[in-house]
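Here full-length UniProt numbering is used: the first residue of the sequence shown is 1, the next is one more, and so on.
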Amino acid sequence: MVYLRPSRVVLLGLSLSASSVLGGSIQKNDLSLPADAQTNRDRVKNIFTTSYNAYKDHAFGHDDYTPISKSFTDSRNGWGASIIDAMSTMWVMDLTDDLNEAIDFASKIDFSKSNTQDNVSVFESTIRYIGGLLSTYELTGKKNQALVDKAKQLADKLSQAWVGNSDIPYGHIDFTTNSPARDSSNIAEAGTLTMEWWALSKYTNDQKYTQLAEKSARQPVIDISCMLTGLPGQGIDPSTGNPVGGYVTWGGGSDSYFEYLIKYPRLTNTDDDFWTDMWSTAVDSSIKTLLSVSDVGNHLYLADYDSSRRIRHVGSHLACFYGGNWIMGGKLTNNETIVNYGLELVEGCWNTYSSTATGIGPESFAWKSSGPDGDYTGGSTPSAAQEAFYAQHGFYPTSSFYILRPEVLESNFYAWRATGDTKYLDRAAQAISSFEKYLKVDEGFAGLTNVDDNSANATKVDDMESFWFAEVLKYLYLTFDDPSHVSLDEYVFNTEAHPFQAPSAKEKYGTGVTPSSAPQQPEQSSTPTVSDVGPAATTSPMPSSLGLGGLGIRDAVKLFRKDLW
Ligand SMILES: *[C@@H]1O[C@H](CO)[C@@H](O)[C@H](O)[C@H]1NC(C)=O
Ligand SMILES: *[C@@H]1O[C@H](CO)[C@@H](O)[C@H](O)[C@H]1NC(C)=O
Ligand SMILES: *[C@@H]1O[C@H](CO)[C@@H](O)[C@H](O)[C@H]1NC(C)=O
């Protein structure tokens, strides 16, 4: 397989590769589970009940259980995040008694005030609380009206984060004064509300929630100073909607913006091609500029692109959702090229698991890739130990901890359901063994401070995040479950892994027209390239071919977008 190297040439041009696309199914037909699937499913269920019983004994009603100190923390405003996040997994695992208890608890939460001194995150509250409540409402037959009422109570408070004329909510709200608490945001926070707020509109018959979420998700735009078509930078100023900084990544702060660009149109079957076209454009641009192959081992990863226009060979556990996301979107848009890249990205991320002493991957990592950008990571020079690790494994950890994140196993689940290749089941089984061996503590499961330390005295992280219940254990369990149970062709998972029922797939997602970042008319020497503009530039002229000279960046971007879609 030949991979495209990150291009030095970053151009703004149009390539109209029109083709008709038919919505394909995501899952392979006739998937069949091997005989030991049931055993592995039971092992995951056992990890779940062990974890949840420890939470109930020491932390019930609080956000997180702390498994070393056998106490609790309230990092999500003290509304019981673990309970709400666990509910849809309890439904998946048929844990009826726990689920009924949780629904009863959820029906009584008072979302009008924070139970802690902290301000309330619009993003976190949406994906965990609103997502968990509404998914459980659907899964349990739409009879527990209190779950909708509670989601609405919370969303009504959060709605006050949209201030003035801005389309973007502030990241946090002070629930005492109902005023925004922060002056910065990012595209993940702005773009990861659509699924949940659309579902709320559906069950309250009030379109205002959809309108708020949609206008926010439409706002992130290409920062012309960076000009990676379809790849807006991470930072965004909620008071103006303007991009801040222009750092491009599929990792934290940006990740689920890209994720929802394809999940939202799949959930809603909207006729508005904006979402899928934006997703296809982001992927196309990423293939041309961010795909990177490690010199050792030929592992494929997506690099970052910084505001000085340099490719950085850095990756993260969070970003490893991209493999599953590209498989999903590639299938929906009938583009096997994208599916195949997705599968290769799954391999790269799995390499971060299979290479460590515990068989669990690190929080963040880097690699070397020859070519014009060399081994630039934007970070410090690798230590001797990192060099040695790299020489053996084709990446090196830059933060070695594991805090019960799901993304690598999430993408592994998509790869299994899309291909039926049992190597993905073997990998999931290995992860279960690693969890049992290295994360299990006296009561519950804990994170690791160093995934490459498998010694008996290895230190642990004293926190059991609510996404352990919502995501890790759900994706692991479903990997070994009947593939028609919560099929990827019938449900769309929000970024916290709460499943939402989706209609039958449409015939066609997107227009099939992808604006390209590739040079289409090389004879136009007036178009700026990286070397023309210089790495320190923060703004650059619009390509004269678009005739937008003299407009401000913001206006030019708006015009530019309108021209494309
Ligand atoms: C919450 O937001 C307010 C602004 O409304 C700010 O003054 C305060 O410091 C914030 N509190 C915390 C704990 O961040
Ligand atoms: C599939 O996606 C790739 C990457 O964006 C693109 O180059 C190719 O033209 C697409 N193929 C089809 C059939 O649309
Ligand atoms: C932990 O145990 C290993 C042997 O398993 C030993 O080499 C190491 O020195 C120990 N570390 C500490 C901090 O005690």
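Glycine included, every Cβ here is placed at the ideal spot set by N, Cα and C.
Here the structure is a predicted model, which is why all the values come from computation and not from measurement.
Within its chain, find whatever has a CB closer than 6 angstroms to the CB of residue i; leave out the 5 residues flanking it on each side and keep chain order.
i           : result
Asn46       : none
Pro535      : Any reading at Pro535 must be qualified, since the residue scores a pLDDT of 28, below 50, and its modelled position is unreliable; no value is offered.
His103      : In the sequence under discussion, the amino acid at residue 103 is Ile, which differs from the His named in the question. Contacts found: Asn144.
Asp74       : His62, Asp63 and Thr116
Pro238      : Ser166, Ile168, Tyr170 and Ser185
Pro34       : none
Ser69       : Asp462
Gly251      : Ser316, Leu318 and Ala319
residue 616 : Because the chain spans 1 through 565 in this model, residue 616 falls outside it and cannot be assessed.
Thr176      : none
Pro541      : Only weak support exists for where Pro541 lies, its pLDDT of 28 falling under 50; the coordinates are left without a value.
Asp304      : Thr249, Arg312 and Val314
Thr240      : none
Relative to the C-alpha of residue i, which residue among the options is closest?
i      : options                           : result
Thr381 : Phe365, Gly371 and Gln392         : Phe365
Tyr209 : Met328, Leu193 and Val221         : Leu193
Gly371 : Lys331, Phe389, Leu291 and Phe445 : Leu291
Arg417 : Ser484, Tyr301, Lys56 and Ala86   : Ser484
Ser125 : Phe500, Gly510, Glu496 and Thr511 : Glu496
Phe123 : Tyr137, Pro232, Gly253 and Asp98  : Gly253
Trp91  : Thr240, Ser51, Gly132 and Ile109  : Gly132
Thr494 : Pro406, Asn100 and Gly241         : First, the amino acid is wrong: residue 494 is Asn here, not Thr. Of the candidates Pro406, Asn100 and Gly241, the one whose C-alpha sits nearest the C-alpha of Asn494 is Pro406.
Ser114 : Tyr341, Thr358 and Arg76          : Arg76
Asp481 : Leu425, Tyr438, Lys437 and Val441 : Leu425
Ser32  : Asp421, Gly342, Tyr203 and Glu443 : Asp421
Val283 : His172, Ile327 and Phe389         : Ile327
Asn454 : Glu465, Met464, Lys440 and Gly444 : Lys440
Ordered along the chain, which non-local residues of its own chain (more than five positions away) have a Cβ less than 8 angstroms from that of residue i?
i      : result
Pro362 : His317, Thr352, Thr356, Pro397, Thr398, Ser399, Ser400, Phe401, Tyr402, Val451 and Asp452
Phe111 : Trp79, Tyr129, Lys150, Gln153, Leu154 and Lys157
Ala59  : Tyr65, Thr66, Ser71, Phe72 and Ser82
Which same chain residues end up closer than 7 angstroms to residue i when comparing Cβ atoms and leaving out the 5 residues on each side of it in sequence?
i      : result
Asp255 : Ala188, Leu318, Ala319 and Phe321
Gly394 : Ser294, Val296, Gly297, His299, Asn351 and Trp367
Asp489 : Ser25, Ile26, Gln27 and Ala505
Thr89  : Phe48, Phe469, Ala470, Leu473 and Lys474
Ile432 : Asn40, Arg43, Val44 and Leu476
Ser159 : Leu212
Asp306 : Tyr247, Arg312 and Gly378
Ser411 : Cys320, Phe321, Gly323, Gly324, Val346 and Cys349
Pro522 : Bear in mind that the predicted position of Pro522 carries a pLDDT of just 29, short of 50, making it too unreliable to give a figure here.
Lys263 : Met195 and Val492
Ser201 : Gln207, Tyr209 and Thr210
Gly547 : Legend: pLDDT at Gly547 = 29, less than 50; position of this residue unreliable, value from coordinates given subsequently. No residues qualify anywhere along the chain.
Val486 : Val92, Leu478 and Pro499
Trp162 : Pro169 and Leu212
Thr333 : Val21, Thr276, Ser280, Tyr509 and Gly510
Gln386 : Tyr396
Gln430 : Gly359
Check the DSSP bridge columns for residue i and list the partner residues they point to.
i      : result
Phe493 : Pro499
Arg310 : According to DSSP, Arg310 bridges with nothing at all.
Phe445 : Lys440
Ala106 : BP columns for Ala106 are empty, so no partner.
Pro243 : Ile236
Lys460 : Leu448
Lys51  : Sequence check: residue 51 is Ser here, not Lys. Paired residues: none, contrary to the question.
Ser121 : His172
Val248 : Tyr305
Val293 : Leu300
Phe111 : Answer by DSSP bridge pairing: none, since Phe111 is not bridged.
Ser364 : Ser316 and Ser399
Could you check whether the Cβ of residue i sits closer than 8 angstroms to any Cβ belonging to chain D?
i      : result
Tyr301 : Of the protein chains in this structure there is only one, and it is not chain D.
I believe residue i touches residue j by the beta-carbon criterion, under 8 angstroms. Please report the beta-carbon distance rounded to the nearest angstrom.
i           : j      : result
Arg266      : Ala446 : 35 angstroms between Cβ atoms; not a contact.
Thr281      : Thr229 : 6 angstroms
residue 582 : Asp85  : Lying before the first or after the last residue shown, residue 582 is absent from the chain, which here runs from 1 to 565.
Leu231      : Ser286 : 7 angstroms
Tyr55       : Asp98  : In fact, because the Cβ distance is near 10 angstroms, the residues do not count as touching under 8 angstroms.
Met87       : Thr136 : 4 angstroms
Lys460      : Leu448 : 6 angstroms
Any heavy atom of ligand 5 closer than 7 angstroms to the CB of residue i?
i      : result
Gln117 : Among the ligands modelled here, namely ligand 1, ligand 2 and ligand 3, ligand 5 does not occur.
Start-end ranges of the alpha helix (DSSP H) lying completely within the stretch 373 to 431, minimum 4 residues: Counting whole runs of 4 or more residues, the stretch 373 to 431 contains the alpha helix (DSSP H) stretches 384 to 393 and 407 to 419.
Whole runs of the alpha helix (DSSP H) within the stretch 157 to 233, excluding any shorter than 4 residues: Whole alpha helix (DSSP H) segments, 4+ residues: 187 to 191, 194 to 204 and 208 to 218.
At 3 residues or longer, and completely inside the stretch 65 to 91: list those beta strand (DSSP E) runs for me, N to C. List check, beta strand (DSSP E) in window: 71 to 73.
Completely contained beta strand (DSSP E) runs for the stretch 305 to 361, where each covers 3 or more residues: Here the runs fully enclosed are 314 to 316.
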